[in-house]
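This report concerns only the one structure given below.
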Amino acid sequence: MDGLVLAKLLKEADEGGYAIPSFNYSDIWDFKAIVEAAEEEHAPIMIASNPLVVAEFGAETCAAIGNVAMVKAKIPLIHHLDHSFSIEMCKECIDFGYPSVMIDASKYDLETNIKMVNAVMAYAEKKHVYVEAEVGKIKGKGIEGNFKEGDDFLVRVEDAVVLSKATHVNSLAIGIGSAHGFYQGKPQLNFERLSEVNKAIDTHLVLHGGTGIPREDVQKAIRLGINKVNVGTIIHCTYMNSLHKELDRVGDNPYTLDVMKKIRDDIKNVVKTWIQTCMTNGRAR
Ligand SMILES: [Zn+2]
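Positions 54 to 338 (the numbering used here) are the ones given, in order, by the sequence shown.
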């Protein structure tokens with residue numbers, strides 16, 4: 054599996070008017086649940102580790118799990134490094150076999166962002182690895198920091214144009230008002246800005262912070278040019294909340310594998326709902 058498969062999947066999504074969902078995993082249990090759900094839905098998906106997960110388990114271990122899963126899965130499965138702020142981590146994951154990485158240098162000025170994206174592109178292209186960058190900011194608490202309301206988080210169309218021309222990056226996450234974590238109130242996506250960026254550049258566009266955006270808004274964003282939707286928070290929250298409840302229910306000294314059956318099913322239901330949201334926009338499945 055390499056980035057060329059992802060290129061084909063995103064092109065088909067673009068032409069078919071749907072998006073490839075990307076799900077974040079924290080360990081082997083939610084990883085397995087995500088893949089099983091996609092197989093049962095016959096849907097191509099991306100499965101992503103964020104830098105905290107990679108730092109905890111090591112790039113080699115994450116890649117080994119991803120590499121086996123990509124061969125064994127009954128659907129096209131792309132293992133992805135999400136939100137790396139480090140060129141070195143991107144390179145390490147590429148060396149161990151990740152077919153897709155994100156270098157997020159959106160917190161720097163545009164010139165530095167471009168330099169960092171180009172450093173990863175130069176390394177990735179030789180190995181046919183797909184690269185995602187970010188312009189504008191994804192709001193909310195989390196690994197990107199904590200942006201308050203009123204901060205200048207929206208992508209500037211001219212920045213997206215300059216970055217995509219200067220880097221030829223494969224896909225681009227854009228700040229259009231979505232946030233990591235849970236939303237307080239209804240999220241306000243700037244569809245006009247999304248549409249402007251989509252008209253200005255050919256690069257595949259990525260929506261981060263999928264959790265909590267109403268289905269109709271996600272589908273509207275897809276119609277306006279989003280080709281990949283990231284879903285993270287609802288996966289780990291479903292995992293932990295379901296585990297909490299199940300442990301309360303069974304009491305002391307349960308066996309891991311017995312407890313995890315219920316958790317796996319709960320995660321699978323969430324994943325299936327998101328696959329349907331992202332992929333029923335036009336694609337006959
Ligand atoms: Zn994100």
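Where a beta carbon is used, it is the ideal one built from N, C-alpha and C, also for glycine. Nothing here was measured: the structure is a model prediction, and the numbers come from that model.
For residue j and residue i, the rounded distance between their alpha carbons
| i | j | result |
| --- | --- | --- |
| residue 330 | residue 281 | 12 Å |
| residue 68 | residue 264 | 25 Å |
| residue 75 | residue 259 | 10 Å |
| residue 316 | residue 300 | 10 Å |
| residue 209 | residue 162 | 12 Å |
| residue 54 | residue 124 | 7 Å |
| residue 267 | residue 242 | 11 Å |
| residue 335 | residue 328 | Per-residue confidence for residue 335 stands at a pLDDT of 49, beneath the threshold of 50, marking its modelled position as unreliable; no derived number is given. |
| residue 189 | residue 307 | 46 Å |
| residue 129 | residue 98 | 7 Å |
| residue 246 | residue 206 | 12 Å |
| residue 228 | residue 187 | 8 Å |
Cβ-based neighbour list, residue i, same chain, cut-off 6 Å, excluding 5 preceding and 5 following
| i | result |
| --- | --- |
| residue 144 | 176 |
| residue 337 | Bear in mind that the predicted position of residue 337 carries a pLDDT of just 41, short of 50, making it unreliable; the figure below should be weighed with that in mind. Excluding sequence neighbours, residue 337 sits near nothing in its chain. |
| residue 183 | 56, 59, 153 and 223 |
| residue 257 | 63, 224 and 280 |
| residue 91 | 98 and 128 |
Same chain only: Cβ atoms within 7 Å of residue i, ignoring 5 sequence neighbours per side
| i | result |
| --- | --- |
| residue 323 | 287, 288 and 291 |
| residue 94 | 325 and 328 |
| residue 251 | 258, 277 and 278 |
Residue span of the alpha helix (DSSP H) that contains residue i, given as start and end
| i | result |
| --- | --- |
| residue 213 | 210 to 220 |
| residue 289 | 286 to 303 |
| residue 169 | 163 to 178 |
Own chain, CB closer than 8 Å to residue i, minus 5 neighbours either side, in chain order
| i | result |
| --- | --- |
| residue 231 | 191, 192, 240, 242, 260, 261, 262, 263 and 266 |
| residue 174 | 184, 220, 221 and 222 |
| residue 214 | 253 and 254 |
Endpoints, the beta strand (DSSP E) within which residue i is located
| i | result |
| --- | --- |
| residue 99 | 98 to 102 |
(request) Evaluate the contact criterion for the segment 106 to 126 versus the segment 306 to 320: three or more CB pairs, one atom per stretch, below 8 Å. (result) no
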